Amino acid sequence: MSVARTNARKCAVQALYQWQMTGQNLSDIELHFLEEERFKGAQRSYFDEIFRGVPKQLDIIDLALSEFVDRPVNKIDPVERAILRIGVYELLNRLDIPYRVIINEGVDLAKCFGADGSHKYVNGILDKVAQQKRAVEIAAKLKKAQNAQ
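Residue numbers for the sequence shown follow the numbering used here, beginning at 590 and rising by one.
Structural data, given as structure tokens:
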């Protein structure tokens, strides 16, 4: 887990939040972030992937989320929604990143940006999505743990 990637996720949460709230053009939001130099210490290419990837796959991401949330996705707190969308994007598209890392990053983002206790909600939802979308990875990890005993 790299600090530069963590910082890219932090920037992506803020940028996606702005996009969700304003409906502004993605390029305008990205330019705004560049001008403010928020990218210091962030992996720019990873920010670009997430920030462009989430809106591009929004229907798929929200469908995956809707199976496990307790209300319509558009009614979820906007900060939590941005964090959940990033986590689901990564679970679906970044098989090179272990699911536990993605969940932990989501929890940390919720602790950083979300309301009190939102990290528990984010953890629960991302864990359920991972159980479904990363079932093979989880099963292999369990089998490895059992064989080690």
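Think of the CB as a built atom: it goes at the ideal place given N, C-alpha and C, for glycine as much as any other residue. All of these numbers come straight from a predicted model, not from anything done at the bench.
Own chain residues within Cβ distance below 7 angstroms of residue i, not counting five before or after
{"i": "His708", "result": "Val696, Ala699 and Lys700"}
{"i": "Pro667", "result": "Tyr606, Gln609 and Met610"}
{"i": "Gln720", "result": "Ile727"}
Straight-line gap, residue i to residue j (C-alpha atoms, nearest Å)
{"i": "Trp608", "j": "Gln735", "result": "44 angstroms"}
{"i": "Gly706", "j": "Glu669", "result": "11 angstroms"}
{"i": "Ile692", "j": "Asn663", "result": "21 angstroms"}
{"i": "Tyr635", "j": "Asp716", "result": "22 angstroms"}
{"i": "Leu684", "j": "Ile727", "result": "12 angstroms"}
{"i": "Glu656", "j": "Ser616", "result": "31 angstroms"}
{"i": "Pro661", "j": "Phe622", "result": "29 angstroms"}
Reference residue i; option with closest CA among the options
{"i": "Gly713", "options": "Ala729, Asp659 and Ala604", "result": "Asp659"}
{"i": "Pro644", "options": "Arg674, Thr595, Ile727 and Glu619", "result": "Arg674"}
{"i": "Ile665", "options": "Ala631, Ala729, Tyr710 and Val690", "result": "Tyr710"}
{"i": "Glu694", "options": "Glu726, Arg633, Gly630 and Glu679", "result": "Glu679"}
{"i": "Arg594", "options": "Lys730, Gly612, Glu638 and His621", "result": "Glu638"}
{"i": "Asn596", "options": "Gln632, Ala729, Ile672 and Leu731", "result": "Gln632"}
{"i": "Phe702", "options": "Glu624, Glu619 and Ala671", "result": "Ala671"}
{"i": "Val718", "options": "Leu623, Arg689 and Ala737", "result": "Arg689"}
Sequence-distant residues of the same chain with beta carbon closer than 6 angstroms to residue i, five excluded per side
{"i": "Phe640", "result": "Ala601 and Ala604"}
Close beta carbons around residue i, own chain, < 8 angstroms, minus the five adjacent residues each side
{"i": "Leu681", "result": "Gln646, Ile649, Ile650, Ala653 and Lys722"}
Buried or exposed by the 16-neighbour rule on C-beta atoms within 10 Å, applied to residue i
{"i": "Lys629", "result": "exposed"}
{"i": "Val592", "result": "exposed"}
{"i": "Val677", "result": "buried"}
{"i": "Gly612", "result": "exposed"}
{"i": "Val725", "result": "exposed"}
{"i": "Lys733", "result": "exposed"}
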